Amino acid sequence: MTDQPAAESTTLIELDLWSDLVCPYSWVAKRRVEAAVAAFERPHDVTVRLRSFELDPDVPVGGAVPVSEHLSVRHGGDAGAGRLMNARASEVAEADDLVFDWDRAVRANTFDAHRLCALAGEMGGPALRSAAVERFHSAHFGEGLAIDDHEVLQRLSGECGLDERRVSSVLASDEYAEQVRADEQQARSMGVTSTPFVVANGYAAVSGARPVEDYLALLRGVATQTV
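Using full-length UniProt numbering, the letters of the sequence shown correspond one by one to residues 1 to 227.
Here you go:
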C-alpha cells in the first residue's frame with residue numbers, strides 16, 4: 001500500500017481595515033497592509049476587507065475650509081496646531097511615497113464617499129473598492145478636491161470604473177447608508193474611536209499606522225492559529 005501525501009493545510013485570514021477617507025494615517029495603513037500581504041508567505045490566503053468609519057460624522061458638507069484650520073478648531077489648539085498635525089502625518093507617510101498637499105486639502109464630510117466605496121465593493125469586489133478608496137484618498141490629500149461634493153464624487157467614481165448611472169442613483173438616494181452605519185457600529189462595538197484599525201480573523205487587532213513588519217507579524221501570528 002502506497003502512502004498518500006497529506007493534503008496541504010489551507011490558511012484563511014480575513015483582515016478588516018477600518019479607515020476614514022480624510023485620515024492620512026488610514027491611507028498609510030492601507031498601503032502598508034497591502035505591502036504586508038504581498039510579503040506574506042501565502043498572500044492568496046488573505047482577504048482584505050476595507051471598512052467604513054467617520055472620524056467626525058458631524059462635519060458640515062462644503063465650505064472649503066482648509067484641513068489645517070479645521071483640525072485646529074476641532075482639537076482646541078491655536079492656528080498652528082493643525083499645521084503641526086499635518087506636518088507629522090507627512091513625515092510618517094514619506095517612507096510610503098505618499099505626498100500630502102496640505103495647502104490645498106479641504107475639510108470634507110465622508111459619508112457619501114463611503115457609500116460609493118460600498119457600491120464599488122458590490123460592483124467589483126475588493127479590487128474595485130480598493131481602487132475607489134485609493135482615488136478618494138488621492139483626490140482629498142493630493143488634489144485639494146472636496147470629496148463631499150457630488151459632482152466631484154461623480155467624476156472620481158467614473159475614473160475608478162464605477163457605472164456613472166449607478167453612482168448618480170446612489171448619490172440621489174440613501175443607498176448603502178445602512179452598510180456604512182453597520183461598519184461603524186461594528187467598530188464602535190469593539191471600542192474603536194479612531195482610524196486606522198485592523199482586525200485579523202475577528203480577534204487579533206492593532207490600531208494606528210504600524211510598520212509593514214507589524215502587519216506581517218500579525219498575519220503570521222494568526223496563520224499559526226488557523227492551520
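Think of the CB as a built atom: it goes at the ideal place given N, C-alpha and C, for glycine as much as any other residue. Source: prediction; values computed, not measured.
If you look at Trp102, you'll find it isn't in any alpha helix (DSSP H); DSSP assigns it neither H nor E.
Closest option to Arg51, judged by alpha-carbon separation, among Gly144, Leu21, Arg42 and Ala39: Leu21.
Counting along the chain, the unbroken beta strand (DSSP E) around Ala205 starts and ends at Ala204 to Ser207. Of the residues assessed, Pro60 falls on the exposed side of the cut-off, its CB having fewer than 16 other CB atoms within 10 angstroms.
DSSP places Leu21 outside any beta strand (DSSP E), giving it a letter other than H or E. Ala209 is positioned such that its CB atom lies no closer than 8 Å to that of Ala39.
Exclusion of the five residues before and after Arg49 leaves Glu14, Leu15, Asp16, Leu17 and Pro126 as the residues of its chain whose Cβ lies within less than 8 Å of its Cβ. Using a Cβ distance threshold of 8 Å, Asp96 and Arg32 count as a contacting pair. Closest in C-alpha terms to Met85, from the list His137, Gly144 and Leu71, comes Leu71. Counting only runs of 3 or more residues that sit fully inside the stretch 134 to 209, the beta strand (DSSP E) segments are 197 to 200 and 204 to 207, in chain order. With 16 or more other CB atoms across the displayed protein chains lying within 10 angstroms of its CB, Arg107 is buried.
In the structure shown, the three-state DSSP call for Arg42 is coil. Taking a contact to require three or more Cβ pairs closer than 8 Å, the stretch 110 to 117 and the stretch 129 to 136 qualify as touching.
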